[in-house]
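Only one structure is covered here, and it is reproduced in the block below.
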Amino acid sequence: MSRRDMSGPVVGSARSDPARDLAASRSQARHTSMLLRMLVRAAILRRGRATSALFAVVVAAAVATAMLTLFVDVQAKLQREFRNYGANIILTSRDGASLPADTLLRVESTLAGRGLVAPFAMVVARTGDGQPIVVAGTDFDRVRQLDRWWSVDSWPSAPQQALIGVRARLAISPGTAAAAATAKKQPFALSFQGHVIHLRSAGTVQTGAAEDSRIYLSLPDFVAWTGVQPSTIEVAANGSAGEVGAVMNQLAQAIPAADVHPVRQIMEGEARVLGKTRATLLAAAVLIILTAALCVLSTLMGWVFDRRRDFAIMKALGASQRLLNGFFAAEAAALGATGAVIGFVVGIGIAAWIGRANFHAPVVPRFSVLPVVVAVSIAVTLVSAILPISLLRRLQPAVILRGE
Amino acid sequence: MFVRLVYESFRRQKRRKLLAGAAITLGVTVATAMIAVATDIGDKINRELRTIGANLLVTPQEDSLDVEIGGVNLKPPSDGAFLDEADLPKIKGTFWHNNITGFAPMLPVNVKLEHDGQPPDVTLLGTYFAKQLSFGKDNFTTGVRTTHPWWRVAGAWPEDNSRDVLLGEKLAVRLGEKSGGELSFSGKHFHVSGILSTGGAEDEQIVAPLAVAQEILGKPGAVRRIYVSALTKPEDALARRDPKSLSGPIYDRWYCSPYPQSIAYQLQEAIPHSHAEQIRQVAQNEGTVLTRIEGLIFLITLAALLASALAVSAAMATAIFERRSEVGLMKALGASKLAVASVFFAEATLLALIGGLAGFAAGGLLARQIGRSIFDSQIGIQPVLLPVVLVVAVLVTFAGSAAAIRRAVQLDPVFALRGDL
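Line by line, the protein sequences give chains A and B.
Here the working numbering is used: the first sequence runs in plain steps of one and ends on residue 404.
Here the working numbering is used: the second sequence runs in plain steps of one and ends on residue 825.
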């Protein structure tokens, strides 16, 4: 469309262009340019009403985008939170023997970065005064990531350092609890099948469970002392229940010597909480989107009703009902599409903000949501334009123009 | 005259009033339902999180060290201290008894199975399955079926006063036993009522009513440890403080908040010679999960409130905009701006009150429906919320109408009557 067409006369406004020019430009103009001109002018002339209608569509689309994005994303976000519960798969050797030496490597290659792994080896050793105590060898760096709930005052950093469970403190430094607390960093000895190891306490671990009664060593120290290889490997696999199940199958195939089983209470608890949260979110999303759609509907219907004079004039000038329907539909669709795209951008922003504020992690924009939002926006705007038109259709233009 | 104006406006413009009223009702319905869900979601998710198991553990204070690998206890069973079974109902007498959803005592003993050519040493775990207990006038049922909901039994759960036992899944395979069979140990015969599958150490054990384990050990009333499942509040800075260092009102606040620490402290007070502690794996993590979900639903409730406020505003603005000619007529007849505005505000208030009441009732029903279909339990709505919701509905309706009313009264009556603009 040329610049001249844009500034051409519009229904209801008087222009002082020479009549010849006007007639010429009108005869040259194509039918579609007239339609476009009317669309653009309608938006510009009634700026206030058009803006409020657009605002309603933008708000509705933004809310819908944010809700849908969150609904898709919340599962991944909550699964990450649930991984703080630690392992969801445990590999144990059959019949209490040790696992083959390359098991840890094989588990890691099967997992390929989709989770965390920590090996554990355990024996019953004796303290200096002959008391039995469970001693475990593990990889402290891995445990630190896998079992985040361990409350440790200082992690061992050098060889020959041990992590003492809070209840095991008394066993290695006899006396009262107060003495045990001050006896930190004291050297002590443990013996296993005649082999003695001299250790220093680096810190204490408190979990409220079995770990409190144990002493933890680094795996190299443990193996050099006892000659016992890890018998348990704990795996925290990422992903949905289906993905974790697939990882379990792969692990069972890759390591036939081990018994692979899920930590059922973690898996079941996770599934339940995730399911309920998603269902609640879905219910909320449906309610909010319905409300937002209603907001669009009432604003747009008001806007179209408001323009019944335009409608009547066009009809009086001889426009067919089909042309009128097409005009208002095109206008509504343009409004819906524009609003949806702006709303999508705003909605992504809202979702990202909620992700950062609540989950301390960004929410990834889901572009698969965009077509849904655009389609629904256009559908809602179309309905809210067509509904008043079909009501007005029964009226004579003269009645509307008289203002009754 | 004023009352008549408002009354006639409602009588004659039924369709328009109905539309605006419907918008307000829907907005209030959504807002009420979301507020109800948001206030209750913490409790509901907390109960779901109890699926993961007990979050508190009570052990004897002067216990000797546990020597346990892979669920096999190597400590002599009679070694160390015990808790008294008679003290158990006192758990329901603590300050936070309503938050304690269940507890299960455990007593592991070693038994020698009289079975041909099979591993003779097996751990037998004595516990409650679904035991009827009473404290004062309170009657309640507790046991592993509440605290360990992931335990599955093929067959039947034993009665707590019976001599039936459950056989761990893996042990059953090794023994070639099935549900309904017989086991003999400690010189007696026991009926296997079901096969237990837990995915944990119990798969290699026999699980029996507590009385059976006490009888084998020869210590009536003995309990080794108690798993307690409690609804707790996420830990904060106050929770981590040592109760001994707190004084006066701060101590009271610490004591009267359902932190894992303060419930553990109260359990310790209730059961003599005991030591109670949170199981950090469960207690610490449920705090984070709970905070995240509550935060998410809170933000979404804000979004819902915003959306419903916008919907109400839009409906009101449209309703008033359509009545410009009426405003023009009133002004042409000499009504002041104030008089015109007060007619509209009175109508808006009336609409908001009616719509708010209907919406509150509908929202309550909706919340109940959501609670029933998602959580299988009630989501109640506090009647206290009704005045709050009504006030908010009136305010939102006012705010939505204000701009439209201002524009309507500022209009020149001539243009308004001609229908221009």
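Heads up, the beta-carbon is just placed ideally off N, CA and C, and yes, glycines get one too.
Remember, it's a predicted structure, so these values are computed and weren't measured experimentally.
Local conformation of residue i per DSSP, three classes
| i | result |
| --- | --- |
| valine 818 of chain B | helix |
| serine 384 of chain A | helix |
| serine 93 of chain A | strand |
| threonine 505 of chain B | strand |
| leucine 38 of chain A | The residue you asked about is not leucine; residue 38 of chain A is methionine in the sequence shown. Helix. |
| tyrosine 663 of chain B | coil |
| glycine 194 of chain A | coil |
| phenylalanine 486 of chain B | coil |
| glutamate 472 of chain B | strand |
| glycine 12 of chain A | At glycine 12 of chain A the pLDDT is 42, less than 50, meaning the model places this residue with poor confidence and gives no usable figure here. |
| methionine 405 of chain B | coil |
| aspartate 780 of chain B | coil |
| aspartate 410 of chain A | Any question about residue 410 of chain A goes unanswered here, given that chain A covers just 1 to 404. |
| leucine 492 of chain B | helix |
| leucine 642 of chain B | coil |
| asparagine 459 of chain B | coil |
| proline 220 of chain A | helix |
| leucine 317 of chain A | coil |
| valine 364 of chain A | coil |
| aspartate 147 of chain A | coil |
| valine 796 of chain B | helix |
| glutamate 234 of chain A | strand |
| lysine 574 of chain B | helix |
| methionine 1 of chain A | For methionine 1 of chain A, the predicted model reports a pLDDT of 38, less than 50, meaning its position is unreliable and no value from the coordinates is stated. |
C-beta atoms of residue i and residue j nearer than 8 Å
| i | j | result |
| --- | --- | --- |
| proline 119 of chain A | aspartate 139 of chain A | yes |
| valine 380 of chain A | alanine 293 of chain A | yes |
| methionine 67 of chain A | phenylalanine 327 of chain A | no |
| leucine 453 of chain B | glutamate 690 of chain B | yes |
| aspartate 607 of chain B | glycine 572 of chain B | yes |
| isoleucine 378 of chain A | alanine 333 of chain A | yes |
| alanine 254 of chain A | arginine 106 of chain A | yes |
| leucine 675 of chain B | valine 462 of chain B | Before going on, a small fix: residue 675 of chain B reads as isoleucine here, not leucine. Contact flag set, yes. |
Closer than 7 Å: residue i CB and nearest the ligand ADP heavy atom
| i | result |
| --- | --- |
| leucine 529 of chain B | The ligand ADP is absent from the structure shown, which contains no ligand whatsoever. |
From the options, residue whose alpha carbon lies closest to that of residue i
| i | options | result |
| --- | --- | --- |
| proline 132 of chain A | A:Ala189, A:Val244, A:Val152 | A:Ala189 |
| alanine 715 of chain B | A:Phe55, A:Leu39, A:Val374 | A:Phe55 |
| serine 633 of chain B | B:Ile456, B:Asp447, B:Ala812, B:Ala435 | B:Ile456 |
| proline 625 of chain B | B:Val410, B:Arg454, B:Ala490 | Residue identity differs from the one stated: residue 625 of chain B is glycine in this sequence, not proline. Measuring from the Cα of glycine 625 of chain B, the nearest candidate turns out to be B:Ala490. |
| isoleucine 348 of chain A | A:Arg394, A:Pro365, A:Asn84 | A:Pro365 |
| phenylalanine 406 of chain B | B:Ala766, B:Met734, B:Ala756, B:Gly768 | B:Met734 |
| alanine 771 of chain B | B:Gly784, B:Gly759, B:Asp780, B:Gly760 | B:Gly784 |
| phenylalanine 594 of chain B | B:Gln685, B:Ala426, B:Ala765, B:Leu517 | B:Leu517 |
| arginine 727 of chain B | B:Arg811, B:Ile654, B:Ile697 | B:Arg811 |
| leucine 709 of chain B | A:Leu335, A:Thr51, A:Thr291 | A:Thr291 |
| valine 369 of chain A | A:Thr204, A:Phe71, A:Asn84 | A:Phe71 |
| phenylalanine 359 of chain A | A:Val74, A:Val58, A:Arg49, A:Val40 | A:Val74 |
| alanine 339 of chain A | A:Gln79, A:Ala50, A:Val40, A:Leu104 | At residue 339 of chain A the sequence reads glycine, which differs from the alanine that was named. The shortest C-alpha separation from glycine 339 of chain A is found at A:Ala50. |
| arginine 738 of chain B | B:Asp816, B:Gln782, B:Gln670 | Reading off the sequence, residue 738 of chain B comes out as glycine, not arginine. With distances taken between Cα atoms, glycine 738 of chain B lies closest to B:Asp816. |
| alanine 558 of chain B | B:Lys582, B:Lys541, B:Lys448 | B:Lys582 |
| lysine 623 of chain B | B:Ala668, B:Leu409, B:Gly804, B:Pro512 | B:Pro512 |
| alanine 435 of chain B | A:Ala285, A:Ala158, A:Val228, A:Ala241 | A:Ala285 |
Residue interval of the alpha helix (DSSP H) (run including residue i)
| i | result |
| --- | --- |
| serine 298 of chain A | 264 to 306 |
| tyrosine 655 of chain B | 652 to 659 |
| aspartate 525 of chain B | Premise fails: aspartate 525 of chain B lies in the beta strand (DSSP E), 525 to 531, not in any alpha helix (DSSP H). |
| glutamate 452 of chain B | 418 to 453 |
| phenylalanine 344 of chain A | 321 to 354 |
| lysine 648 of chain B | Run containing lysine 648 of chain B: none; DSSP gives neither H nor E here. |
| arginine 402 of chain A | It is not in any alpha helix (DSSP H) - arginine 402 of chain A carries neither H nor E in the DSSP assignment. |
| threonine 138 of chain A | It is not in any alpha helix (DSSP H) - threonine 138 of chain A instead sits in the beta strand (DSSP E) that spans 132 to 138. |
N- and C-terminal bounds of the beta strand (DSSP E) containing residue i
| i | result |
| --- | --- |
| serine 538 of chain B | 535 to 539 |
| glycine 763 of chain B | Not the beta strand (DSSP E): glycine 763 of chain B falls in the alpha helix (DSSP H), residues 741 to 774. |
| glutamine 161 of chain A | 161 to 165 |
(message) Under 8 Å: do the stretch 459 to 467 of chain B and the stretch 785 to 796 of chain B share three or more Cβ pairs, one atom per stretch?
(response) Counting Cβ pairs under 8 Å, fewer than three are found: no touch.
(message) Check whether the stretch 558 to 570 of chain B and the stretch 610 to 625 of chain B are in contact - that is, three or more C-beta pairs closer than 8 Å.
(response) At 8 Å Cβ cutoff, the stretches touch.
(message) Count Cβ pairs between the stretch 533 to 553 of chain B and the stretch 236 to 256 of chain A that sit closer than 8 Å; are there 3 or more?
(response) Judged by pairs of C-beta atoms under 8 Å, the stretch 533 to 553 of chain B does not touch the stretch 236 to 256 of chain A, as fewer than three such pairs exist.
(request) Could you say if the stretch 204 to 214 of chain A and the stretch 158 to 168 of chain A meet the contact criterion of at least three C-beta pairs nearer than 8 Å? (result) Contact holds: three or more Cβ-Cβ distances are below 8 Å.
(message) Does the stretch 299 to 311 of chain A come into contact with the stretch 580 to 591 of chain B, if we say contact requires no fewer than three beta-carbon pairs (one atom in each stretch) closer than 8 Å?
(response) Not touching, per the Cβ criterion.
(message) Tell me whether the stretch 499 to 510 of chain B and the stretch 547 to 560 of chain B touch, counting them as touching only if at least three CB pairs, one residue from each stretch, are closer than 8 Å.
(response) Short answer: they touch.
(request) Flag this pair as touching only if the stretch 425 to 442 of chain B and the stretch 337 to 344 of chain A have three or more C-beta atom pairs under 8 Å; answer yes or no. (result) With the cut-off at 8 Å, the stretch 425 to 442 of chain B and the stretch 337 to 344 of chain A do not touch.
(message) Three or more C-beta pairs under 8 Å: does that hold for the stretch 107 to 116 of chain A against the stretch 263 to 279 of chain A?
(response) No, the stretch 107 to 116 of chain A is not in contact with the stretch 263 to 279 of chain A.
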